[in-house]
Each structure stands twice: as structure tokens, then as C-alpha cells.
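Per the numbering used here, the very first residue in the sequence shown carries number 160; after that it's consecutive.
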Amino acid sequence: MTILAVLSGVALADPPVQQLGEIVVVGITPLPGLNVPANQVPLNVQTAQADDLEHVHGQSLTDLLQRNFQGVNLTQSQGNPWQSNLSFHGFTLSPLLGSPSGISLYVDGVRQNEPFAETMNWEVIPGFAIRNVELIPGSSPVYGRNTLGGALLLTSKSGFTDAGGAFAISGGSWGRIQESAEFGAYSHTFGFYAGVGSDYESGWRSYSPSRVQQLFLRADWEPDDATDMALSYTGAHAKLFGTQTLPINWADTPKAAFTWPDYFVNNLSQFNLRGSRQLSDDWALQANAYLRISQGRGFNSNTNDYASYDADGGPPGYAANGPFDTGSVGRYFYSGVTPPYDPLSPSATINNVPASNVLANVRTRGYGGSVQVVNNASVWGHDNQFTAGVSLDAGSTVFSQFGQPAFFPYDTGRRGESFGLLPFALDPSTDAGTSNRGYGVYLVDVFRLTDAIHVTLGGRYDFSELAVNDRSGQSPAINGRQTFHRFDPSAGLTWAFTPTFGAYVNYDEGMRTPTPIEVECADPAAPCALPNDFSVVHSRCCTAMPQAASSRYLPKTGRRSPSSA
160 MTILAVLSGV
170 ALADPPVQQL
180 GEIVVVGITP
190 LPGLNVPANQ
200 VPLNVQTAQA
210 DDLEHVHGQS
220 LTDLLQRNFQ
230 GVNLTQSQGN
240 PWQSNLSFHG
250 FTLSPLLGSP
260 SGISLYVDGV
270 RQNEPFAETM
280 NWEVIPGFAI
290 RNVELIPGSS
300 PVYGRNTLGG
310 ALLLTSKSGF
320 TDAGGAFAIS
330 GGSWGRIQES
340 AEFGAYSHTF
350 GFYAGVGSDY
360 ESGWRSYSPS
370 RVQQLFLRAD
380 WEPDDATDMA
390 LSYTGAHAKL
400 FGTQTLPINW
410 ADTPKAAFTW
420 PDYFVNNLSQ
430 FNLRGSRQLS
440 DDWALQANAY
450 LRISQGRGFN
460 SNTNDYASYD
470 ADGGPPGYAA
480 NGPFDTGSVG
490 RYFYSGVTPP
500 YDPLSPSATI
510 NNVPASNVLA
520 NVRTRGYGGS
530 VQVVNNASVW
540 GHDNQFTAGV
550 SLDAGSTVFS
560 QFGQPAFFPY
570 DTGRRGESFG
580 LLPFALDPST
590 DAGTSNRGYG
600 VYLVDVFRLT
610 DAIHVTLGGR
620 YDFSELAVND
630 RSGQSPAING
640 RQTFHRFDPS
650 AGLTWAFTPT
660 FGAYVNYDEG
670 MRTPTPIEVE
680 CADPAAPCAL
690 PNDFSVVHSR
700 CCTAMPQAAS
710 SRYLPKTGRR
720 SPSSA
């Protein structure tokens with residue numbers, strides 16, 4: 160059961176009256192502000208406004224997407240609502256390292272896929288500050304690399320669009336408490352919006368609590384009818400616990416934690432500066448620049464799944480009741496002897512299962528921007544909208560990992576907890592720096608052939624560079640650099656039989672470049688959980704070439720555009 164309370168505020172000035180037209184418009188580039196009617200887009204674009212999102216009392220953005228959009232499904236392999244794998248038409252967007260992401264997500268023109276592995280940390284998206292969501296299916300090349308299955312375009316609230324104040328609090332099962340507060344105001348040429356949110360739950364499984372804190376600030380400046388600028392800041396802090404899959408013989412205790420603790424701590428600071436200028440009646444200029452700084456820390460507890468014994472039942476080279484051999488801890492399973500050996504005390508009779516702790520740190524600095532020009536001049540007496548743009552999305556990451564021998568006191572009342580063997584220090588196993596840069600040049604043209612028929616042509620050239628550098632000096636084999644480049648075209652046609660019913664046909668090509676971890680682990684003869692040898696295999700980018708043909712119905716009062724295909 161969920162209890163919800165809302166407190167409405169008063170704007171500093173009366174908000175402008177907005178006349179809602181009957182035509183649904185959608186964006187056709189990552190930068191917001193360039194919109195065309197939905198019945199002119201040769202894709203089944205689905206949209207949701209803030210009103211739709213507020214009626215869905217989901218815990219995270221993924222819940223809102225699943226309940227508002229067709230074809231979206233969620234799985235929670237970590238058992239944490241903030242670490243869901245989103246699937247759309249078979250393509251995924253996931254927070255788990257190593258998942259092959261095929262969906263791009265943008266907020267106000269800023270790419271949110273993490274540079275290190277194209278993963279998506281859902282906890283950094285402030286759902287309370289989102290005003291509009293668009294789900295673009297297919298591999299439209301305009302949205303950049305790795306957009307094989309679709310793109311999500313999110314637009315934030317501002318003081319001009321959401322003047323007033325609101326406070327909401329809700330509670331539910333598993334100790335869930337959600338709070339959010341918003342305030343927006345504007346005066347003449349200046350607008351300001353601020354929102355803060357907090358989420359906590361104890362989790363339905365043991366030792367799986369989560370806490371998420373979010374902050375969003377935005378200032379807008381519109382000195383005249385032809386110019387607008389916006390500066391926004393997004394801050395987030397999260398500590399998410401998730402437990403591992405239970406073995407079959409624990410089926411009678413589904414809430415139990417097999418090994419713990421397993422958690423991920425994430426901190427984000429993001430700045431985005433965006434602006435647009437109407438240069439003339441036909442020409443407009445739009446641009447943005449952003450900086451993302453994130454730091455993540457993960458802790459994993461694991462059991463060992465192999466064993467070795469000497470003739471006396473102890474580990475090789477180990478004498479019963481002899482000196483404690485630290486070299487064997489975390490590598491040998493002692494329970495095959497009677498009495499079983501305790502790694503900390505060989506004379507004890509407690510059956511302690513060898514284990515290991517893994518601590519990983521990821522520090523990422525992402526930056527980039529886009530510039531595009533739009534021309535609305537007629538061509539041969541027909542309405543036409545031409546867009547050309549360039550983009551840069553880059554990031555540098557420092558990844559380090561440490562291992563520590565540990566044990567699980569299986570026979571004690573604290574089943575499943577991993578104890579590190581202090582004072583033994585953490586053993587560094589990986590210390591690498593990665594960098595990736597993606598440059599793009601794109602074109603889109605929407606041409607009105609007749610009042611009912613529109614033709615869309617476009618394409619994008621991408622050049623991506625990936626590099627890995629060993630920081631420790633102990634693993635020079637991981638040093639390497641690879642580049643990928645390709646031009647991807649797109650073409651489509653729409654035919655509006657009536658204002659609400661029509662058909663479309665579309666062809667797209669998209670490119671996906673491998674992440675550093677995928678490149679380094681591409682050799683079946685040398686599998687790895689982390690980067691080991693960048694030069695083993697020269698990886699190639701993969702491409703998607705989807706075709707779509709369908710009819711659709713666009714109700715005048717609705718915001719979705721469901722397709723019959």
C-alpha cells in the first residue's frame with residue numbers, strides 16, 4: 160500500500176496560458192527544440208508527458224518507462240529496483256558491466272550512457288524533474304553509436320514550464336519511503352527550477368537496502384523571442400545493495416542472502432549548458448556543452464568453487480596444527496577432512512568456507528557537446544526542414560580493483576557473511592586507465608511531397624577511438640588503441656490518410672562499437688572477467704539494418720502512437 164500527499168505551491172507570476180493543439184510533435188535529433196509532427200516521422204514514436212509520469216507511482220525511471228511504453232520490459236538480476244535491465248524489442252540498457260547495450264539515453268541533449276562500458280546508472284536520473292519522454296525505436300543513426308534498438312530522449316522541467324511548488328511523500332512495503340520537493344518560478348526573461356528527491360527501502364531480501372538522493376537545478380534566460388539559454392546541474396548519491404542468486408538447496412528461504420555484502424556506491428555531478436538562436440526567418444542555431452564527473456565503488460563477496468588437499472587432508476604443504484599458511488587462504492576448501500580445518504584456526508572444528516572479497520573503484524570524467532543548424536526554407540515550392548550537426552562524446556576512466564582473501568562462517572548464525580582476513584592488505588589486481596572519444600556528423604531532411612506524404616532522408620558518419628593504458632606498470636599487455644568509423648544512412652516515407660491514421664515505411668542502419676572490456680575479452684582462448692590483453696583480437700564494430708513498414712493511429716487526445724506492427 161502506498162500513501163501519497165501532495166502540497167501545491169504558488170508561482171511568483173501567473174504561468175503563461177498554453178493552448179494544447181491537436182498535433183503531437185516529437186524530436187528528431189538528440190538536442191531538444193527541433194520538433195516535427197509525429198505523423199511525419201517514419202517511426203512508431205511513443206511519448207509521455209509529466210502528467211503521465213505522475214500517475215505512475217513507480218520507484219525509479221525504469222518503472223515509469225515500463226508502464227507507459229509498449230514493448231518495454233524489465234528484469235532485475237541483482238534484485239534491486241534501481242539496477243534493472245531494460246529491454247526494448249530485444250535490445251537492452253543495463254547498469255551491469257558487460258551487458259551489451261543497444262539503446263542510447265539522452266537528457267536535454269546529454270548522453271547518459273557511461274563512457275566506460277555504455278552502461279546506464281538509473282539512480283542518477285531525477286524522475287521528478289522530467290517533463291517529457293520520447294522513445295524512438297530502431298537504429299536511427301542520428302542518435303549516435305550503439306543505438307541499435309532505439310533511443311530515449313528526456314527533457315527536463317524549467318521555471319517557465321513548471322512554475323509553482325510541490326511536495327510528495329509516499330511509503331510502501333519493504334520499508335519504502337520516497338520524498339520529493341519541487342519549486343519553479345519565472346520573472347520576465349529569467350526562470351528557475353529546483354527539485355530534490357530521496358528514496359529508501361530495506362529490500363525484500365535480507366541485506367539489500369537502497370538509498371538514493373537526487374538534486375536537480377536549472378536556470379533559464381530568454382532575453383528576446385529569438386534567444387534562449389539554459390544551465391542545469393544534476394547531482395546524485397546512491398548506495399545500492401544487491402544479493403546474489405541462491406543455490407537450489409536454499410529454495411525454502413527465498414529472502415535469504417547467499418553471500419553478502421554486495422553493494423555499489425555512486426556519486427554524480429553533471430553540468431549542461433544549452434542554447435539556441437533564431438538567426439533569421441529560415442535559419443536557427445542550437446548547441447550544448449556538458450561535463451559529467453562520476454565516481455563509483457563496488458564491493459562483491461564471493462565463494463571459491465574449487466578444492467585441493469594433501470594426503471593428510473590439509474592444503475598442499477600444510478602441516479596440521481602447524482603455522483598458519485596465509486598463502487592457502489581463499490584458495491582451498493577444507494571441509495573434506497574430519498574435523499574440518501578453519502582457515503583462521505587450523506585446530507578449530509568450525510567449517511569455514513573459503514571466499515574472497517573484491518573491491519572495485521571507477522572514476523569517470525565525461526565531456527562533450529553538439530552544434531546543429533536548422534533551415535526551414537522551401538525547396539521547389541515544398542515545405543522542407545533540413546538539419547546538419549556535429550557532436551563529440553568523450554570520456555576518460557580510471558578503473559582499479561583489489562582482492563582480499565576471506566571466509567564465510569557457514570555453520571554460524573551469520574550464514575552468508577564474508578569476513579576479510581585482516582590485517583592482510585587488499586591485493587591490487589587491476590589498475591588501468593581508459594579513454595574513448597566519439598565524433599559524429601549527421602544530416603536529416605524532412606521534405607513535404609504533398610500535404611499527406613513526407614519523405615525523410617538522413618545519415619551520420621561516426622568515428623570512435625578506444626584506448627587502454629596500464630597504470631600499474633605490471634600489465635603492459637593491456638596497452639592498446641583501436642578506432643572504428645562508418646557512415647550509416649536512413650530513409651523513410653509517411654503517408655497520412657487522415658489526420659489520425661496513416662502508414663509509414665523506413666530503413667535505418669546503425670553502428671555499435673565495442674567497449675574496452677568487450678574488446679579485451681573477445682578471445683575465447685583467454686576469457687576474462689576484466690580487461691587482460693587489448694591486442695589479442697582486433698574487434699570490429701557491428702551494424703544493424705532494420706526495416707519497418709506499418710500503419711498507425713494517432714488519437715487527437717492521446718500522446719502515444721501505437722503501431723499495428
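For glycine and all other residues, C-beta sits at the position ideal for the given N, C-alpha and C.
Next on the checklist: If you reduce the DSSP assignment to three classes, tell me which class T234 lands in.
Outcome noted: Within the sequence shown, numbered from 1, the residue matching residue 234 stands at position 75. Here T234 sits in strand by DSSP.
Item to check | Start and end residues, alpha helix (DSSP H) containing L202 | outcome: Numbered from 1 along the sequence shown, position 43 holds the residue referred to as residue 202. Element bounds for L202: n/a, residue is neither H nor E.
Checklist entry - If you draw a straight line from the C-alpha of G455 to the C-alpha of A276, how long is it? => result What you label residue 455 is simply residue 296 of the sequence shown in a count that begins at 1. What you label residue 276 is simply residue 117 of the sequence shown in a count that begins at 1. One C-alpha to the other measures close to 13 Å.
Next on the checklist: Here's the rule I'm using: 16 or more other beta-carbon atoms within 10 Å means buried, otherwise exposed. How should S515 be labelled?
Outcome noted: In the sequence shown, the residue the question calls residue 515 occupies position 356. Burial check for S515: the Cβ neighbour count within 10 Å reaches 16 or more, so the residue is buried.
Next on the checklist: Measuring only the C-alpha atoms, how far is T523 from F430?
Outcome noted: Within the sequence shown, numbered from 1, the residue matching residue 523 stands at position 364. Within the sequence shown, numbered from 1, the residue matching residue 430 stands at position 271. When rounded, the separation of the alpha-carbon atoms in T523 and F430 is 14 Å.
Checklist entry - DSSP state of F275, grouped into three classes? => result As a first step, residue 275 is located in the sequence shown; it is residue number 116 there, counting from the start. It is coil, neither helix nor strand.
Next on the checklist: In the DSSP assignment, the beta strand (DSSP E) including D387 goes from what residue to what residue?
Outcome noted: The residue labelled residue 387 in the question sits at position 228 within the sequence shown. DSSP places D387 in the uninterrupted beta strand (DSSP E) bounded by T386 to F400.
Item to check | Member of R290, N305 and T320 whose CA lies at the smallest distance from the CA of T314 | outcome: The residue labelled residue 314 in the question sits at position 155 within the sequence shown. Closest by alpha carbon: R290.
Next on the checklist: Let me make sure I understand the geometry here. Which of P300, G354 and N203 has the alpha-carbon closest to that of L294?
Outcome noted: Residue mapping note: residue 294 aligns to position 135 of the sequence shown, counting from 1. Proximity to L294 across P300, G354 and N203 peaks at N203, based on C-alpha coordinates.
Item to check | Selected residue, minimal CA-CA separation from S634, among D590, V600 and E677 | outcome: Position 475 of the sequence shown holds residue 634. Taking S634 as reference, the option from D590, V600 and E677 with the minimal CA-CA separation is D590.
Checklist entry - Can you find at least 3 beta carbon pairs, one from the segment 589 to 605 and one from the segment 628 to 645, that sit closer than 8 Å? => result Counting Cβ pairs under 8 Å, three or more are found: they touch.
Checklist entry - First and last residue of the beta strand (DSSP E) that includes N305? => result Along the sequence shown, read from residue 1 onward, the residue named residue 305 stands at position 146. For N305, no beta strand (DSSP E) segment is defined, and its DSSP state is neither H nor E.
Checklist entry - Using the rule of at least 16 other Cβ atoms within 10 Å of the residue's Cβ for burial, across every protein chain shown, is A344 buried or exposed? => result Counting from one through the sequence shown, the residue named residue 344 turns up at place 185. In summary, A344 is buried, with 16 or more beta-carbon neighbours lying within 10 Å of its beta-carbon over all protein chains present.
Next on the checklist: Can you tell me which residues form a DSSP beta bridge with H347?
Outcome noted: Translated into positions along the sequence shown, residue 347 becomes position 188. Note: H347 sits in no beta bridge, so no partner.
Checklist entry - Count the other CB atoms within 10 Å of the CB of S243; is the residue buried (16 or more) or exposed (fewer)? => result Numbered from 1 along the sequence shown, position 84 holds the residue referred to as residue 243. Classification for S243: buried.
Checklist entry - DSSP state of F458, grouped into three classes? => result Start at 1 with the first residue of the sequence shown, and residue 458 comes out as number 299. Note: F458 maps to strand in three-state DSSP.
Next on the checklist: Please return the same chain residues whose Cβ sits closer than 6 Å to the Cβ of V672, not counting the five positions on each side in sequence.
Outcome noted: The residue you call residue 672 lines up with position 513 of the sequence shown. Rather than Val, the amino acid found at residue 672 in this sequence is Thr. Within the same chain, and ignoring the five residues on either side of T672 in sequence, the residues whose Cβ sits closer than 6 Å to its Cβ are R304, S623, F643 and C700.
Checklist entry - What separation, rounded to the nearest whole angstrom, lies between the Cα atoms of L220 and L616? => result Counting from one through the sequence shown, the residue named residue 220 turns up at place 61. Counting from one through the sequence shown, the residue named residue 616 turns up at place 457. C-alpha separation (whole angstroms): 32 Å.
Item to check | Simplified DSSP state of I336, which is helix, strand or coil | outcome: By one-based count along the sequence shown, residue 336 stands at place 177. Reduced to three states, the DSSP call for I336 is strand.
Next on the checklist: According to DSSP, is I452 part of a helix, a strand, or is it coil?
Outcome noted: Mapped onto the sequence shown, residue 452 falls at position 293. Note: I452 maps to strand in three-state DSSP.
Checklist entry - What are the partner residues of T556, as DSSP defines its beta bridges? => result Within the sequence shown, residue 556 is the residue found at index 397, counting from 1. Residue pairing from DSSP places T556 in a beta bridge opposite T523 and T593.
Checklist entry - So what does E293 bridge to, in DSSP terms? => result Residue mapping note: residue 293 aligns to position 134 of the sequence shown, counting from 1. In the DSSP output, where bridge partners are listed per residue, E293 has T206 and L312.
Item to check | Closest by C-alpha distance to G618, when choosing among V603, N272, T348 and Q271 | outcome: Walking along the sequence shown from the start, residue 618 turns up at place 459. Looking at the Cα atoms, V603 is the closest of the given residues.
Checklist entry - Expressed to the nearest angstrom, what Euclidean distance is found between the alpha-carbon atoms of R607 and H396? => result For this step, residue 607 is matched to residue 448 along the sequence shown. For this step, residue 396 is matched to residue 237 along the sequence shown. Looking at the backbone, the Cα of R607 and that of H396 are separated by about 47 Å.
Checklist entry - Excluding five sequence neighbours on each side, which residues of the same chain lie with their C-beta closer than 8 Å to the C-beta of D267? => result Along the sequence shown, read from residue 1 onward, the residue named residue 267 stands at position 108. Excluding its 5 nearest sequence neighbours in each direction, D267 has C-beta neighbours in its own chain below 8 Å: P191, L313, T314, S315, A389, S391, N431, R433 and N447, listed in chain order.
Checklist entry - According to the Cβ coordinates, are S594 and S555 closer than 8 Å? => result As a first step, residue 594 is located in the sequence shown; it is residue number 435 there, counting from the start. As a first step, residue 555 is located in the sequence shown; it is residue number 396 there, counting from the start. Remark: C-beta atoms of S594 and S555 approach each other more closely than 8 Å.
Checklist entry - If we ignore side chains and look at the alpha-carbon of each, how far apart do W380 and F326 end up? => result Reading the sequence shown from its first residue, position 221 is the one you call residue 380. Reading the sequence shown from its first residue, position 167 is the one you call residue 326. Straight-line Cα distance between these residues: approximately 26 Å.
Item to check | Residue from L438, D222 and Q372 whose Cα sits closest to the Cα of P285 | outcome: Locating residue 285 in the sequence shown gives position 126, counting from the first residue. Of the residues L438, D222 and Q372, the one whose Cα lies closest to the Cα of P285 is Q372.
Next on the checklist: Could you pull the DSSP bridge partners for L212 from this structure?
Outcome noted: The residue labelled residue 212 in the question sits at position 53 within the sequence shown. DSSP, once it has assigned bridges, lists no residue as partnering L212.
Item to check | Three-way DSSP call (helix, strand, coil) for L190 in this model | outcome: Sequence index remark: in the sequence shown, residue 190 carries index 31 (1-based). Note: L190 maps to coil in three-state DSSP.
Next on the checklist: Suppose you measure from the CA of P648 to the CA of L256; what does that come to, to the nearest Å?
Outcome noted: Here residue 648 corresponds to residue number 489 of the sequence shown, with the count starting at 1. Here residue 256 corresponds to residue number 97 of the sequence shown, with the count starting at 1. Here the C-alpha atom of P648 lies approximately 30 Å from the C-alpha atom of L256.
Next on the checklist: Judging by CA-CA distance, which residue of T386, S346, S263 and L450 is the nearest neighbour of W442?
Outcome noted: Counting from 1 along the sequence shown, the entry for residue 442 is found at position 283. Taking only the C-alpha atoms, the option nearest W442 is T386.
Checklist entry - How many Å lie between V185 and P201 at the Cα? => result Taking the first residue of the sequence shown as position 1, residue 185 is located at position 26. Taking the first residue of the sequence shown as position 1, residue 201 is located at position 42. When rounded, the distance between both Cα atoms is 12 Å.
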